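Comments concern the structure below.
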Amino acid sequence: MLKYTNFRILTEWSPPFHFTKDARSPELLPCNYYNILNMRRLPILFTSIALALLSCTGEESLDSIARRVYSVADIQMRDIDNRLAPDSYPKTYENGVPKDSDQGWWCSGFYPGTLWLLYEQTGDESYRSLAEKHTLKLSDLPDKITDHDIGFQIASSFGNAYRITADTCWLASLKKGALCLAGRFSPVTGTTKSWNFSRNWDFPVIIDNMMNLEILTMASRLFQLDSLAEIACTHANTTIKNHFRDDFSCFHLVDYDSTDGHIRGKQTVQGYSDDSAWARGQAWALYGYTMMARETAVEQYLHQAEGIADMLLERLPEDGIPYWDFDDPAIPDALRDASAGAIMSSAFAELAGMTASSTRSKAYRQMAERQLRTLASEAYLASPGTNGGFLLKHSVGNIPGGTEIDVPLSYADYYFIEALGRLIE
Ligand code: GLY
């Protein structure tokens, strides 16, 4: 039986203006296009004025932040839909050019997922149509994918589709995706393998894999396949043992020997150094153990999530948005990573409702809100019609790899909207 912990339709609020895709159809262009755009910007103008007034009186309410973010999303998400080729997905926006991907890219589920979350939170049926369209495009993914990212791709798209609609038509891909991920599990290492490609690795496992366990626990419940939940728990237990340092920060990658399970090495791929705390890795760890605590009610996972959360509270900057790596010596001149901030905000918001400690709960909730407020500020939230249709600016994909540096990323938007939904619940 699925939990609908995050299910909510905002009935008390609907956008002041709603424009269907038809309103932007080619026959209206170009003469009406700018009128429409201007009209669509009106809610943003009003809220900006309201904000200016509020700054004299106190903190903006979360409902006001939500309205503002939804107004921006109303334009950005449809701009992306209008520009996407039929078989592509938004990836980033660099040097004024949108970069899209095919369905194999690990992020292909996040745009459909963001549309599902917006449908859930606003009740706007046009988001549902868009979400269905872009989720259906991924239907044959489980037959093609060859790494652990199937979990990200399927959970954000099909997972949300089923959770929100309860329509069983979404289940076939979810089940296939879970079986595909389970096929990457080794009882020798006690983990699911991340990548098939090798840089002298034998059985590489990155902390990101914790995120992918959710399709295993979901499918286990839905199809009475206990072995899937057992795989998820074994992976989570092995990761607690081998990925974490004494201070609850974690390595990015642990390489196992596939024949006897011994550890061949621990290192980073996307972080500053092997011994550093790469920010998004810490975010995946926090979110992953919070999710596993929710899914399994195993005390050890909650304890792990609390340990990671407490470490982050100690190390996060004042505004809550982490530098891309907590140990980059260039701090405070190092880049921030909005994606890690958004993932953490969503996880902190959920963990605040799970911890038994009222002190922790308050601190986690405060951090989740602080991160959300910073991300919803001018410094990170895009102006409508800019940023290639993405919501957030200033994420970091892979600095050592020289890709996606200080750009928008689809998963930053996804976890930002998820965090917003959790905080206004
Ligand atoms: N592999 C997922 C990430 O870059 O965080």
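Just add 54 to the spot in the sequence shown (first one is 1) and you have this note's numbering.
Using N, Cα and C, we set each Cβ at its ideal position, and we do this for glycine too.
For clarity, every value in this text was computed on a predicted model and none was experimentally measured.
{"Query": "What residues does ligand 1 have around it, judged by CB closer than 5 Å to any heavy atom, in chain order?", "Result": "D262, R334"}
{"Query": "On the criterion of 16 or more Cβ atoms from any shown chain inside 10 Å, does F251 qualify as buried, or is it exposed?", "Result": "exposed"}
{"Query": "Here's the rule: buried if 16 or more other CB atoms are within 10 angstroms of the residue's CB, otherwise exposed. What is Q130?", "Result": "buried"}
{"Query": "F61: buried (16+ other C-beta within 10 angstroms of its C-beta) or exposed?", "Result": "Here F61 scores only 29 on pLDDT, less than 50, and its place in the model is too uncertain to base an answer on."}
{"Query": "Identify whether D262 lies in helix, strand or coil by the three-state DSSP scheme.", "Result": "coil"}
{"Query": "Are H289 and T350 closer than 7 Å when you measure CB to CB?", "Result": "no"}
{"Query": "For the pair the segment 417 to 425 and the segment 433 to 449, tell me if three or more CB-CB distances fall below 8 Å.", "Result": "no"}
{"Query": "Can you look up Q324 in the DSSP assignment and give me helix, strand or coil?", "Result": "coil"}
{"Query": "With DSSP as the reference, please indicate the residues paired to S449 in a beta bridge.", "Result": "V461"}
{"Query": "In chain order, what residues of the same chain lie with their CB nearer than 7 Å to the CB of W170, ignoring the 5 residues before and after it?", "Result": "A185, N214, A215, I218"}
{"Query": "Smallest Cα separation from L463: which of P196, L446, Q321?", "Result": "L446"}
{"Query": "Under the DSSP definition of a beta bridge, which residues are partnered with W332?", "Result": "D379"}
{"Query": "In terms of residue numbering, what span does the alpha helix (DSSP H) encompassing Y165 cover?", "Result": "164 to 176"}
{"Query": "Do you know offhand how far A401's Cα is from F302's?", "Result": "16 Å"}
{"Query": "For M264 and H297, what's the separation of their Cα atoms in angstroms?", "Result": "11 Å"}
{"Query": "If I follow the unbroken alpha helix (DSSP H) through L184, where does it start and stop?", "Result": "179 to 190"}
{"Query": "Return helix, strand or coil for L389, following the three-state DSSP convention.", "Result": "coil"}
{"Query": "Is the beta carbon of V461 sitting closer than 7 Å to the one on T146?", "Result": "yes"}
{"Query": "Among A120, L138, T189, L426, which has the Cα closest to the Cα of L496?", "Result": "With the chain running from 55 to 479 in the structure shown, residue 496 is simply not present."}
{"Query": "Does DSSP classify Y418 as helix, strand or coil?", "Result": "helix"}
{"Query": "Write down every uninterrupted run of the alpha helix (DSSP H) in the segment 236 to 286 whose length is 4 residues or greater and which is fully enclosed by it, in chain order.", "Result": "263 to 277"}
{"Query": "Less than 7 Å between the C-beta atoms of I208 and G231, yes or no?", "Result": "yes"}
{"Query": "State buried or exposed for N254, treating a residue as buried only when at least 16 other CB atoms are found within 10 Å of its CB.", "Result": "exposed"}
{"Query": "Only counting the same chain, and skipping five residues up and downstream in sequence, which positions put a Cβ closer than 6 Å to that of I362?", "Result": "F302, A339, L340"}
{"Query": "How many whole angstroms separate the CB atoms of D379 and Y326, which I take to be in contact at a CB cut-off of 8 Å?", "Result": "4 Å"}
{"Query": "Where Y343 and R476 are concerned, what is the direct C-alpha to C-alpha distance, given to the nearest angstrom?", "Result": "17 Å"}
{"Query": "Against chain C, with Cβ distances strictly below 7 Å, would V308 count as a contact?", "Result": "Annotation note: the requested chain C is absent from the structure, which comprises a single protein chain."}
{"Query": "Looking at C-alpha atoms only, which residue of C234, D329, S180, D309 is the closest neighbour of D300?", "Result": "D329"}
{"Query": "For the candidate residues E479, A392, R348, whose alpha-carbon lies nearest to that of L267?", "Result": "R348"}
{"Query": "Compute the minimum distance between the beta carbon of Y377 and the heavy atoms of ligand 3, and state whether it is under 6 Å.", "Result": "Ligands displayed in this structure: ligand 1; ligand 3 is not among them."}
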